Each structure stands twice: as C-alpha cells, then as structure tokens.
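These notes concern the structure reproduced below.
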Amino acid sequence: MRSVASALAAGIFDVVLERLLRHYRLSGEIVARCAALRPTDLVLDVGGGTGGVSARIAGAVRAVIVLEPNAALAERGRGRFVRSHFVRGDGTRLPVRDASVDVVLLVEVLHHILDADAVLRESARVLRPGGRILIEEVEFVGAMGSIARRLERWIFQGVWPRDREGLCADLVRFGMRPTVLEEEGFVILAASGRTR
Ligand SMILES: C[S@@+](CC[C@H](N)C(=O)[O-])C[C@H]1O[C@@H](n2cnc3c(N)ncnc32)[C@H](O)[C@@H]1O
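Residues 1126 to 1321, numbered by our numbering, are exactly what the sequence shown covers, in order.
The structure is reproduced here in structure tokens:
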C-alpha cells in the first residue's frame, strides 16, 4: 500500500514539474546553456528527483549520476534515459570519490536541505580540478516573492531560500569561484578553485 502511495506521489511530482511548471524543459535548457557541457563530462545531479532535468542533457555528456534520497522518485527515473545511473543517497554525504566528477548540478534543491553548507562542501570535494557546480534556485522578489518566501519557510521549516549574495559568499568559503550567469532565476556557475 505504501509503495503504491509512493509511486503515485512520484507520478504527481513529475506531472507538476513537467506539465504544470514546464520545469524540466526550462531548466534543461538553462543547464545546457550555462554548464558548458562536454561529451567527456561525468555529471552528478544531486537531488535529481526522477531525472527530468538530467534527461535533457544526458545525450550531450559521457554519463549522468542522479543522486536522490527518495526511493520512489529514483525508482521512477531509473532506466528512463540513456547514460544515466540512479543512486539513492543524501547530498550532505555524497557516496562519490574525491575529485571524480566534472559537473555537479544543484537544480531547485538547496532550499530543501537544512544543512546546505554540507552539500556545498561535498560538491566541492567531488569535483575534478577545473570542474563546475551549476546551481539553479528560484529568487523571491516583489510582493508575490515575499509570499512565496514565507510559504517555503513554513513548508521547509526555516530552511532556505538564501539570496544570491549569501550563496556566492558561501561558495567562496568552500574554495569556489562563483559567477552569476543568469539574473532571472537565478543561476550560478561555481568554477572549482583548483586548476588542472
Ligand atoms: C524541487 S525537487 C527538484 C528535483 C530536481 N533537481 C529537478 O529539478 O527536477 C527537490 C529535490 O531535492 C531532493 N532532496 C531533498 N533533500 C535532499 C537531500 N538531503 N539530499 C539530496 N536531495 C534531497 C528531493 O527528494 C527532491 O527530489
């Protein structure tokens, strides 16, 4: 019964993100545009859900590891697109070797995680020299933004959202060199502090 409910919830998750919000297509385009993907890249999509964003870029890279703590979401995504590996795990303790991936994606995920610092630290750890972290987060502006911010805080109990200045400062603390690539949204590409 519980697994039926989880599968149903995972189906609703996809319908909302894909059909209602068109999030997979829009964010897939942003990632393809901003992450400067190369055919040799190994991508780690942290909190990748059912892989809706990764599916849009998997054909352009060597492989994508979709790391997702929710079993039903990972199960729904598994096998749906080429060059993908779904792994259950937590962004605060990445089950990945040091300096082993080229691109870390954090798409609409940081504001769900209480210990976002740990995710940034872990992301920096697993990046190869010269690797990139791509962070996409909603930015809350204006009156509607203020309502959305309160709702998010209420739902996620005081977790994010942080603003982009705060996030950039955090990335610098973890040895990264952040650049804001898109004002609307917003998207930050954090290049690794180390060089090849
Ligand atoms: C809004 S969804 C975004 C999913 C996906 N990145 C996308 O853009 O389609 C937030 C995701 O963060 C995941 N998440 C929550 N806590 C997490 C954690 N501690 N580590 C990794 N992922 C987490 C959720 O399970 C969910 O899949």
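Don't be surprised by glycine CBs; every beta carbon is placed ideally from N, CA and C. All values derive from a computational prediction rather than experimental measurement.
Secondary structure of residue i, DSSP reduced to three states
i, result
"residue 1162", "coil"
"residue 1228", "strand"
"residue 1219", "coil"
"residue 1211", "strand"
"residue 1239", "coil"
"residue 1146", "coil"
"residue 1289", "helix"
"residue 1309", "coil"
"residue 1154", "helix"
"residue 1177", "coil"
"residue 1261", "strand"
Through-space distance from residue j to residue i, alpha-carbon basis
i, j, result
"residue 1206", "residue 1289", "32 Å"
"residue 1131", "residue 1197", "6 Å"
"residue 1155", "residue 1129", "33 Å"
"residue 1142", "residue 1301", "30 Å"
"residue 1134", "residue 1145", "15 Å"
"residue 1204", "residue 1231", "21 Å"
"residue 1243", "residue 1140", "30 Å"
"residue 1192", "residue 1267", "33 Å"
Residues bridged to residue i [DSSP beta-bridge criterion]
i, result
"residue 1206", "The partner list for residue 1206 (beta bridge, DSSP) is empty, contrary to what the question assumes."
"residue 1304", "1314"
"residue 1170", "1191 and 1230"
Integer-rounded CB distance, given that residue j should sit under 8 Å from residue i
i, j, result
"residue 1225", "residue 1189", "Rounded, the Cβ-Cβ distance is 14 Å, inconsistent with contact."
In chain order, what residues place their C-beta within less than 7 Å of a heavy atom belonging to ligand 1? 1142, 1148, 1149, 1152, 1170, 1171, 1172, 1173, 1174, 1177, 1178, 1192, 1193, 1194, 1195, 1198, 1215, 1216, 1217, 1232, 1233, 1234, 1237, 1238 and 1244
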